[in-house]
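*Asks:* First residue of the sequence shown? That's 11 in my numbering, and the numbers climb one at a time after it.
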Amino acid sequence: IGGMKAGVFTPTEAAVVAVFYSLFTGLLVYRELDVRKVPYLMLSALKTSCTIMFLVACAMVSAWLITIADIPAQTIELLKPFMDNQMVLMLVITILVIIVGTALDLIPTVLILGPILVPVVKMAGIDPYYFGVLFIMNNAIGLLTPPVGTVLNVVAAVGKEKLDNVIKGVWPFLLAETVLMFLLVFFPKLVTVPAKWLM
11 IGGMKAGVFT
21 PTEAAVVAVF
31 YSLFTGLLVY
41 RELDVRKVPY
51 LMLSALKTSC
61 TIMFLVACAM
71 VSAWLITIAD
81 IPAQTIELLK
91 PFMDNQMVLM
101 LVITILVIIV
111 GTALDLIPTV
121 LILGPILVPV
131 VKMAGIDPYY
141 FGVLFIMNNA
151 IGLLTPPVGT
161 VLNVVAAVGK
171 EKLDNVIKGV
181 WPFLLAETVL
191 MFLLVFFPKL
201 VTVPAKWLM
């Protein structure tokens, strides 16, 4: 993290550094890692990476289908009646982003909905920083929401756990995030005031 903050390397390069550091400490410092286990660890990491990349690929296909179906233009038309009331508009956007977030990964959602929603939000006089916080938070909730929930599938694959068990375990956290999300929708100053302190 320090290397990324200092601009020494990118997040991808930081992951490589972390892997080499873990191998170095495991093999030479703590001596808890056997050299013969390294190929097995690499194979295990490859399987996990393949699962994640497959989910991302599916999300990108979904993003392409959404664009082809001209859903972005339909979204703008859908939001026009709510432009006069900021709270109602944010509530509708919140529900929309959560629904989209259940099927798409974070990056495709940002790339597709971001350019559509930001002008609408600015026209309604909503603080862009406030919208950004809620947008990312709604995406996070969408990624955890069954039945699709990309993150749930990744957790199940990495933890070698049944998806049903992962879904049962995530409900308390999902409920807490949903309550917080509604608090932020109805009380925007919870976001805007601390943001002004940091500027």
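Every residue, glycine too, gets a C-beta built ideally from N, C-alpha and C.
Between the region 140 to 152 and the region 116 to 127, can you find at least three pairs of beta-carbon atoms closer than 8 Å?
*Replies:* Cβ pair count under 8 Å is three or more, so yes.
*Asks:* Based on Cα-Cα distance, which residue from VAL110, LYS170 and GLY124 lies nearest to LEU153?
*Replies:* Looking at the Cα atoms, VAL110 is the closest of the given residues.
*Asks:* Within the chosen definition, does the region 128 to 138 reach the region 169 to 183 through at least 3 CB pairs nearer than 8 Å?
*Replies:* Not touching, per the Cβ criterion.
*Asks:* Could you work out which residue in TYR140, SER59 and TRP207 is closest to VAL165 when comparing CA atoms only?
*Replies:* Among TYR140, SER59 and TRP207, the Cα nearest to that of VAL165 belongs to SER59.
*Asks:* How long is the line joining the alpha carbons of LEU6 and TYR140, rounded to whole angstroms?
*Replies:* Residue 6 is absent from the structure shown; the chain starts at 11 and stops at 209.
*Asks:* Give the secondary structure of MET209 by DSSP, where H, G and I count as helix, E and B as strand, and everything else as coil.
*Replies:* Coil.
*Asks:* Considering only C-alpha positions, which residue in the set THR202, ALA205, LEU208 and PRO198 is nearest to GLN96?
*Replies:* Nearest C-alpha to GLN96: PRO198.
*Asks:* Between the alpha carbons of LEU51 and ALA83, how many angstroms are there, rounded?
*Replies:* Approximately 47 Å between the Cα atoms of the pair.
*Asks:* At what residues does the alpha helix (DSSP H) containing MET133 begin and finish?
*Replies:* 116 to 133 is the extent of the alpha helix (DSSP H) around MET133.
*Asks:* I want to check one thing, is the minimum distance from the CB of ARG46 to the heavy atoms of the ligand HEM below 7 Å?
*Replies:* As far as ligands go, the structure on display features none, and thus does not contain the ligand HEM.
*Asks:* On a Cα-Cα basis, can you pick out the residue from ARG41, GLY17, ASP115 and VAL48 that is closest to VAL29?
*Replies:* Comparing Cα positions, the closest option is VAL48.
*Asks:* Based on Cα-Cα distance, which residue from ASN163, VAL168 and THR155 lies nearest to PHE183?
*Replies:* Among ASN163, VAL168 and THR155, the Cα nearest to that of PHE183 is on THR155.
*Asks:* Quick one: using the 10 Å Cβ neighbour count with 16 as the cut-off for buried, is PHE114 buried or exposed?
*Replies:* A small fix is needed here, since residue 114 is Leu in this sequence, not Phe. So LEU114 ends up on the buried side.
*Asks:* Check the C-beta distance from LEU99 over to LEU89 and give it rounded, since I have them as a contact under 8 Å.
*Replies:* Yes, LEU99 and LEU89 are in contact; Cβ-Cβ is about 7 Å, under 8 Å.
*Asks:* Thinking VAL45 and LEU37 are a contact (beta carbons under 8 Å), I'd like their distance in whole angstroms, please.
*Replies:* Yes, VAL45 and LEU37 are in contact; Cβ-Cβ is about 7 Å, under 8 Å.
*Asks:* Does any CB atom of chain D fall closer than 8 Å to the CB of VAL189?
*Replies:* The chain inventory of the structure shown lacks chain D, comprising one protein chain alone.
*Asks:* Alpha carbon to alpha carbon, how far is GLU23 from ALA16? Give it in angstroms, no decimals.
*Replies:* Looking at the two C-alpha atoms, the distance is approximately 13 Å.
*Asks:* Kindly list the residues whose CB is nearer than 7 Å to the CB of PHE196, restricted to its own chain and excluding five residues on each side of it in sequence; keep chain order.
*Replies:* Excluding residues within five positions, the ones whose Cβ falls inside 7 Å are MET97.
*Asks:* How big is the Cα-Cα spacing for VAL18 and MET209?
*Replies:* Straight-line Cα distance between these residues: approximately 26 Å.
*Asks:* Nearest to GLY142 by alpha carbon, out of VAL189, THR61, ALA205 and ILE81?
*Replies:* For the residues VAL189, THR61, ALA205 and ILE81, the minimum Cα distance to GLY142 belongs to ALA205.
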